[in-house]
Every structure is written in structure tokens, then in C-alpha cells.
Amino acid sequence: MSPFPGPNKALIGMVHARALPGTPKGKLNIDEICRIAAEDARRIHRAGFDAVLVENMHDLPYLKRNVGPEITAAMTRVVAAVRTAVGCPVGIQILAGANREALAVALATGAKFIRAEGFVFAHVADEGIIDSDAGELLRYRRAIGAEGVAIFADIKKKHSSHAITSDLNIEETAAAAEFCGADGIIVTGTRTGAPTDPEHLIEAGKGTKLPRLVGSGVTPDNLAALWPHAEGFIIGSWIKKNGDWEEAVDPARASKLVHLAAELRETPRPAKGKR
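Counting from 1, position 183 in the sequence shown corresponds to residue 183 in this note's numbering; the numbering is continuous, with no gaps.
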């Protein structure tokens, strides 16, 4: 399933919600957090992005999977505020690996997709070993009636060591994500803001027919190289002031990427079957 309108490739802008109440860096009340998130979302939407993805990135250091009811409740408020502010599809990610909670928030707020880490195969993240949760997550989606919410799964995820699955390449990992029921895969660089290697997208495409999304490091300098090999582009750091993910969205930078994407959409696509 695709939550994005039309046949064109999707630009997805990141809203990094301010540190939530109860987290080490939390200083703002929930009303102010919602106001800031909604304003960033409006800037992204006005620039012409196709969708918005809300994430609790300021909550670091993150908890592993079990983030607590206070985070789920706060993210419900934030995503609801963003949904009210914009008319485009909205997605959600709750760090670290709180995929069930993200699904619950999506269902409650009408969000269209979640970004899920640890969907297939285990890896070692900053928070420790993240086991795969595809089986549990898809059963939970069925149980709560959230089957209209798409699951985009990170593979060979950034900020992680994949030594324990070093015998599996990205093609095989992408194939496993499709086999286990993901609606799309996300390919990243090694960390937030680090560029995604086009070759990794090509290799992933050999293992799956699912939509491929670029999950980090998109800039005006590399968008053209990535464009033929992905169906969606999640963009956070570069559209913020000075290219810093911790800052507010810069409308001029966001618009620049949208205009470049518009030019690329007018470029003839490669022949069918060539990925």
C-alpha cells in the first residue's frame, strides 16, 4: 500500500518533535511542543512536500522498545496537532524501535504510515540489541484494526552495527522485509545526515519490488543521483536552518529541494525493468 497521492515520487519532510516531558532534555510543556511541531509541519507542507514524518528525535538517549505511556500519549498529542495543521499524509516514528506504540498513535490520529526499525533481523543499536518484531507487529496491526497504516521498515539501519548479520547483504535483507510483510523499505547512510549510497538502493531493489525510500542524507547535491533508484525521500537535516536537525525548518531550503524534485520529475524515466 502507498499512503502518498499520485504516481510521482514522494518527498517526506521530517518534524523532529522537541524533547517530550519526562525525557532528559525535556523543558517545554506539551502545548508548546505541539505548537512548534505544527509550525514546522506547515513550513514543510507549504514548501510543497508530499508528506510529513513526525519523530521524537530530541528524546535522546532513547529507551529500547518500551518507551512508556507518557511518550505514547505525548506523541499522540503532537501527531494530532500536525494532522490538524497540514493537509498532506502524516507518518510517525517513535524511537527507539517503539513500533507498536507508533501504530497505536497512527490509528488514533489518522496518520497514514509508520517508520519501523528492527522489523527484520537483529542488530546492535545505541540502545543495545534490537530483536526483530515483524511477527508481533503485524499481528498487533491486525488486532487493533490498523491495517490501513503502512509500515516502512529500515534495513541495515543507521546508528547501528550489523556484524551479527554480516553474512546477509542488503539484497537479502530487503527480500526478507518483503517476505515478512513490510509495505516499503528504508535505506540509510551510517548516521543522521549521512548520505545514502545509491548502490545500496540498487542492491536492495534486486531483492524486493517494494517501494524503496531514502532515509538519510538527502541534499540538493545528491538528489539527482538517488532519484532513479527510490520511490520516496525522507528529508530532515538539510531542510533545517544551517542543515542542523536540531533547528527549525528553513522554508527556503525546503523549497529548493521541492523545485529540484520538480525538475527531476520532468526528466524521462528509465525503461521499465531497469532499477
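Where a beta carbon is used, it is the ideal one built from N, C-alpha and C, also for glycine.
Worksheet item: Under a three-way DSSP split, which group does L115 fall into?
Response: Counting from 1 along the sequence shown, the entry for residue 115 is found at position 115. Before going further, note that residue 115 is Arg rather than Leu in the sequence given. DSSP places R115 in strand when its eight states are reduced to three.
Worksheet item: So, helix, strand or coil for R83, using DSSP?
Response: The sequence position of residue 83 within the sequence shown is 83, counting from 1. Here R83 sits in helix by DSSP.
Worksheet item: F233 by DSSP, collapsed to three states: which one?
Response: By one-based count along the sequence shown, residue 233 stands at place 233. Three-state DSSP puts F233 in a strand.
Discussion item. Could you tell me which whole beta strand (DSSP E) segments of length 3 or greater appear in the stretch 51-95?
Written reply: 51-55, 90-93
Discussion item. I'd like the list of long-range same chain contacts for G236, defined as Cβ closer than 6 Å, with 5 residues on each side in sequence excluded.
Written reply: Taking the first residue of the sequence shown as position 1, residue 236 is located at position 236. If we look at G236 and ignore the five residues flanking it on each side, its Cβ neighbours are M14, W245.
Worksheet item: Closest to G207 by CA distance: which of E172, N99, K9 is it?
Response: The sequence position of residue 207 within the sequence shown is 207, counting from 1. Selected option, being the one with the closest Cα: E172.
Discussion item. Please state the DSSP three-state secondary structure of L20.
Written reply: Numbered from 1 along the sequence shown, position 20 holds the residue referred to as residue 20. The answer is coil: DSSP assigns L20 none of H, G, I, E or B.
Worksheet entry | Limits of the unbroken beta strand (DSSP E) element including L168 | For the purposes of this step, residue 168 is taken as the residue at position 168 of the sequence shown. Unbroken run through L168: none, as it is neither H nor E.
Discussion item. Once the 5 residues before and after V82 are set aside, which same chain residues still bring their CB inside 7 Å of it?
Written reply: Residue mapping note: residue 82 aligns to position 82 of the sequence shown, counting from 1. Correct list, in chain order: V15, A37, A38, A41, V52, V54, V90.
Discussion item. If you follow the alpha helix (DSSP H) that V105 is in, where does it begin and where does it stop?
Written reply: Position 105 of the sequence shown, counted from the start, is the residue given in the question as residue 105. Where V105 is concerned, the enclosing alpha helix (DSSP H) stretches over 99-109.
Fill in: The alpha helix (DSSP H) enclosing I280, as first and last residue numbers
The displayed coordinates of the chain run from 1 to 275. Any statement about residue 280 would go beyond what the structure contains.
Fill in: Nearest-angstrom Cβ-Cβ length linking A238 and L264, presumed shorter than 8 Å
The sequence position of residue 238 within the sequence shown is 238, counting from 1. The sequence position of residue 264 within the sequence shown is 264, counting from 1. What sits at residue 238 in the sequence shown is Trp, not Ala. About 16 Å; that fails the 8 Å criterion.
Item to complete: For L210, name the three-state secondary structure that DSSP assigns.
Response: Counting from 1 along the sequence shown, the entry for residue 210 is found at position 210. Of the three classes helix, strand and coil, the one that applies to L210 here is coil, per DSSP.
Worksheet item: Per the contact definition of three or more C-beta pairs closer than 8 Å, is the stretch 170-187 in contact with the stretch 143-154?
Response: yes
Item to complete: Give every residue of the same chain whose Cβ lies closer than 8 Å to the Cβ of P220, excluding the five residues on either side of it in the sequence, and list them in chain order.
Response: Counting from one through the sequence shown, the residue named residue 220 turns up at place 220. These residues qualify, in order along the chain: W238, K256, L257, L260.
Discussion item. For K27 and G217, what's the separation of their Cα atoms in angstroms?
Written reply: For the purposes of this step, residue 27 is taken as the residue at position 27 of the sequence shown. For the purposes of this step, residue 217 is taken as the residue at position 217 of the sequence shown. So the two alpha carbons sit approximately 28 Å from each other.
Item to complete: Determine the DSSP secondary structure at H259, reduced to helix, strand or coil.
Response: Translated into positions along the sequence shown, residue 259 becomes position 259. H259: helix per DSSP, three-state reduction.
Worksheet item: Apart from the five residues on each side of it in sequence, which residues of its chain come closer than 6 Å, Cβ to Cβ, to N242?
Response: Residue numbering aside, residue 242 sits at position 242 when the sequence shown is read from its first letter. Counting only Cβ-Cβ distances below 6 Å, and skipping sequence neighbours, we find nothing.
Fill in: Reduced DSSP category for D40 - H, G, I as helix; E, B as strand; rest coil
As a position in the sequence shown, residue 40 is number 40, starting the count at 1. The answer is helix: DSSP assigns D40 an H, G or I state.
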